[in-house]
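Note sheet for the following structure.
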Amino acid sequence: MCGIAGIVHSRGLDGSTKSRVSRMVDALRHRGPDGLGILEIGSHAVLGHARLAIVDLAGGAQPMRSRNGRHAVTFNGEIYGYRELRAATEYPYATDSDTEVLLAMYANAGSKMARGLPGMFAFAIWDDQEKSLFCARDRFGEKPFYYTLTPGGDFVFASEIKSILASGLLHPVLDAESVAHFLQKSYVHPHRSIYSNVSVLPPGHCLIYRDGKVSVEKYWGFPRLRGGISLEEAGEELGRLLRAAVAKQLVADVPISGFLSSGLDSTTIMAIAAENNPDLTAFSFDFEGADSEADIAERSAKRYGLNFQRLRIGDFDPVEILHKTISIYDEPFADSSSIPTYLISQAAAEYTKVALTGDGGDELLGGYDFQYRALLRIDESKAWGGNRALVYLAAKILWKLRFRAASMGLSELGDRMPFFWGCEERWQALAGMRATCSFNGLQRLLGPSGLYPGAGHPDPSFERQRPMEDALFYDTETYMAGQILVKIDRASMANGLELRAPFLDVEFAEFALSLPANLKISRTSSKIVLRQAFEAVWNEEVATNYKRGFGSPIEKWLRTPGFRSLIEDYLVRPNRKIHEIVRYAPPSNSGNYPAPLTYNLLVLSLWMEQNSFSFSRTAACSC
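All the letters of the sequence shown, read from the start, carry residue numbers 29 to 651 under our numbering.
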């Protein structure tokens, strides 16, 4: 796991290019504390790399050049199963690293190589003969890739925006659509950046830069849904593929550990990992004053024979950590779990360089039951004519008649009905559930500024198949890529820690995505197929445990003196930048703001004060 950067000049290098790339790599040092490298290739390209050494510690230094000198690569990520790829790809290898496998595959297949590449990755390969740069990003967006094309036609890329800005070749311009999306969702849409002149290579895409021009192509998309598969068949295949995924991700030249909570996903991953290597260490975390999952995790670890280590996260100042994370994320990012995730990564990095996680299981297997179960009742909502009062009345009657489960189900339906109004598709209702404010509320916030957000939630880029499955696809494409994976990448890499997610192994993930929704979620159960495959290896308290969130107590924090002072300083003070784009009511009138929206506004203001940019009064193209 590393940081990558580079500059390609269409008309040839100038004397400052190497020093610019050096500054870019310095800005990524946290991602790769084990080594820095800069390579000038021919007369057009300089590649840079900050290395976190995991595979082939002696021979895997980067940027890496092919033995014939034609190709050079800078690579961030891990290619799982690379030894099998190496054996199947003819090439005069000089190292035992997965990095060199990229050079071999490119030499054999050119730009088509990405289609057969497993793992998490973002990389750039310069072809000095063709004078072209080929770049690709993994299918789900585990590893980041930002780029910009300068007015002179030069291509600048990096793992993080701060690195691009360190080149000195760009003055960023704030993007209206991204501001609007952030205020609604707490993160920037994963297909764009907070700046209109910094682009994102979307997950599952590759690009070619040649002669001052960029062409982007999609090399992977969600699979077609399969029919005629039973729960038993699906569970058997799911178990086989997940065991294979974990085995591939246990390959490294440094010790590997794992995160273990009381949840189904991390427990499953560590149970499988123990089958391969019972000497692994499982880390669980105790937060001061929080509902701990560590006792349940410790009992699971004992069952699997794992070494167990409880890391205690004591008292901390959330205001101090918030200020720190603002610079870590480069863009406004207000996921309430970003602070505990950073603290967990910081604590774990003192003991390990690589850890397995359960990330991806919720999106692929129907784990967000609170939202997904509501979507199963959208047709029932239409049958009630959208009449919430009537629904609540029926729920009240059923409660008195002691039909408690039916009563609670109707009450939940009534609570969710506003999200269904005006929605033609389930993914739209889910997008509303994920929002911190309505689109009308967003227009009221941004209207006076001249920053006009696009009409509602951006349409998904995937091909529609079936309503409920499309909703799960939507979460995978947006929420997971833009919020979950950004959070764990930045929080872990800020501490020089590599996190691996076996649920996102391409073979496993494609199979999971292809399964119909009824094998994942019902009105009474979630992760149905995962339970079918692995319930036998869980302790009963894990199998029956309720789903715990991993967020921060935002409402409680906002009432503390520290946060009240922040609000006064960054939202009420009239000379703050945020007032150029947002109309904010003072605290005495802020009762209409839900806590998540207030937190988003606060994070946006803090971010704006820490960064220099120009304002764009017109929205960039729709994502």
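Backbone N, C-alpha and C fix where the C-beta goes; we use that ideal spot for every residue, glycine too.
Under the three-state DSSP convention, the category residue i falls into
{"i": "residue 212", "result": "helix"}
{"i": "residue 332", "result": "helix"}
{"i": "residue 154", "result": "strand"}
{"i": "residue 271", "result": "helix"}
{"i": "residue 114", "result": "helix"}
{"i": "residue 588", "result": "coil"}
{"i": "residue 222", "result": "coil"}
{"i": "residue 514", "result": "helix"}
{"i": "residue 314", "result": "strand"}
{"i": "residue 61", "result": "strand"}
{"i": "residue 309", "result": "strand"}
{"i": "residue 35", "result": "strand"}
{"i": "residue 580", "result": "coil"}
{"i": "residue 78", "result": "strand"}
{"i": "residue 448", "result": "helix"}
{"i": "residue 379", "result": "coil"}
{"i": "residue 641", "result": "coil"}
{"i": "residue 617", "result": "Annotation note: pLDDT 48 at residue 617 (below 50); position unreliable, no value reported."}
Backbone CA spacing between residue i and residue j [nearest angstrom]
{"i": "residue 212", "j": "residue 467", "result": "8 angstroms"}
{"i": "residue 55", "j": "residue 294", "result": "32 angstroms"}
{"i": "residue 335", "j": "residue 131", "result": "38 angstroms"}
{"i": "residue 519", "j": "residue 102", "result": "22 angstroms"}
{"i": "residue 499", "j": "residue 458", "result": "7 angstroms"}
{"i": "residue 33", "j": "residue 384", "result": "26 angstroms"}
{"i": "residue 464", "j": "residue 621", "result": "9 angstroms"}
{"i": "residue 448", "j": "residue 303", "result": "45 angstroms"}
{"i": "residue 208", "j": "residue 326", "result": "43 angstroms"}
{"i": "residue 581", "j": "residue 331", "result": "32 angstroms"}
{"i": "residue 315", "j": "residue 340", "result": "6 angstroms"}
{"i": "residue 241", "j": "residue 112", "result": "35 angstroms"}
{"i": "residue 618", "j": "residue 460", "result": "Summary for residue 618: the model assigns pLDDT 45, below 50, so the residue's position carries little reliability; its value from the coordinates is reported in the next sentence. Distance between the alpha carbons of residue 618 and residue 460: 22 angstroms."}
{"i": "residue 549", "j": "residue 395", "result": "8 angstroms"}
{"i": "residue 558", "j": "residue 123", "result": "39 angstroms"}
{"i": "residue 274", "j": "residue 300", "result": "7 angstroms"}
{"i": "residue 391", "j": "residue 96", "result": "44 angstroms"}
{"i": "residue 491", "j": "residue 247", "result": "14 angstroms"}
{"i": "residue 555", "j": "residue 393", "result": "5 angstroms"}
{"i": "residue 454", "j": "residue 355", "result": "35 angstroms"}
{"i": "residue 612", "j": "residue 270", "result": "48 angstroms"}
{"i": "residue 205", "j": "residue 221", "result": "9 angstroms"}
{"i": "residue 286", "j": "residue 419", "result": "46 angstroms"}
{"i": "residue 573", "j": "residue 599", "result": "40 angstroms"}
{"i": "residue 75", "j": "residue 605", "result": "36 angstroms"}
{"i": "residue 522", "j": "residue 173", "result": "16 angstroms"}
Close-in-space but distant-in-sequence residues of the same chain around residue i (CB under 8 angstroms, 5 per side omitted)
{"i": "residue 196", "result": "48 and 51"}
{"i": "residue 44", "result": "none"}
{"i": "residue 641", "result": "199, 200, 201, 202 and 223"}
{"i": "residue 526", "result": "29, 80, 82, 106, 381, 382, 383 and 520"}
{"i": "residue 253", "result": "493, 494, 497, 542, 543 and 544"}
Delimiting residues of the beta strand (DSSP E) encompassing residue i
{"i": "residue 98", "result": "Premise fails: residue 98 is in no beta strand (DSSP E) and is neither H nor E."}
{"i": "residue 425", "result": "Not the beta strand (DSSP E): residue 425 falls in the alpha helix (DSSP H), residues 416-428."}
{"i": "residue 176", "result": "174-177"}
{"i": "residue 361", "result": "Here residue 361 belongs to no beta strand (DSSP E), and DSSP marks it neither H nor E."}
{"i": "residue 242", "result": "241-246"}
{"i": "residue 528", "result": "526-528"}
{"i": "residue 184", "result": "183-186"}
Residue-level contact to chain E via CB, residue i, 9 angstroms cutoff
{"i": "residue 539", "result": "In the structure shown, chain E cannot be found, because there is only a single protein chain."}
Nonlocal neighbours in the same chain, by C-beta distance under 7 angstroms from residue i, ignoring five residues either side
{"i": "residue 509", "result": "168, 169, 218 and 231"}
{"i": "residue 13", "result": "Residue 13 is absent from the structure shown; the chain starts at 29 and stops at 651."}
{"i": "residue 322", "result": "312, 313, 314 and 338"}
{"i": "residue 127", "result": "88, 90, 92, 101 and 103"}
{"i": "residue 473", "result": "211, 610 and 611"}
Check: residue i C-beta below 8 angstroms from any heavy atom of the ligand FMN
{"i": "residue 119", "result": "Questions concerning the ligand FMN fall outside what the structure shown contains, since it holds no ligand whatsoever."}
Cβ-based neighbour list, residue i, same chain, cut-off 6 angstroms, excluding 5 preceding and 5 following
{"i": "residue 388", "result": "529, 531 and 532"}
{"i": "residue 624", "result": "464"}
{"i": "residue 569", "result": "324"}
{"i": "residue 439", "result": "423"}
{"i": "residue 267", "result": "561"}
Delimiting residues of the alpha helix (DSSP H) encompassing residue i
{"i": "residue 351", "result": "346-357"}
{"i": "residue 501", "result": "495-502"}
Could you tell me whether the segment 274-283 touches the segment 552-570, where touching means 3 or more Cβ pairs closer than 8 angstroms? no
Count Cβ pairs between the segment 64-71 and the segment 88-95 that sit closer than 8 angstroms; are there 3 or more? yes
Is the segment 414-427 close to the segment 373-389, with three or more CB pairs under 8 angstroms? no
With three or more beta-carbon pairs closer than 8 angstroms as the criterion, would you say the segment 344-354 touches the segment 590-598? Under the 8 angstroms Cβ criterion, the segment 344-354 counts as touching the segment 590-598, having at least three qualifying pairs.
Evaluate contact between the segment 154-161 and the segment 258-265, counting only Cβ atoms and requiring at least three cross-stretch pairs below 8 angstroms. no
Decide yes or no for the touch test of the segment 624-631 against the segment 360-370: beta carbon pairs closer than 8 angstroms, at least 3 of them. yes
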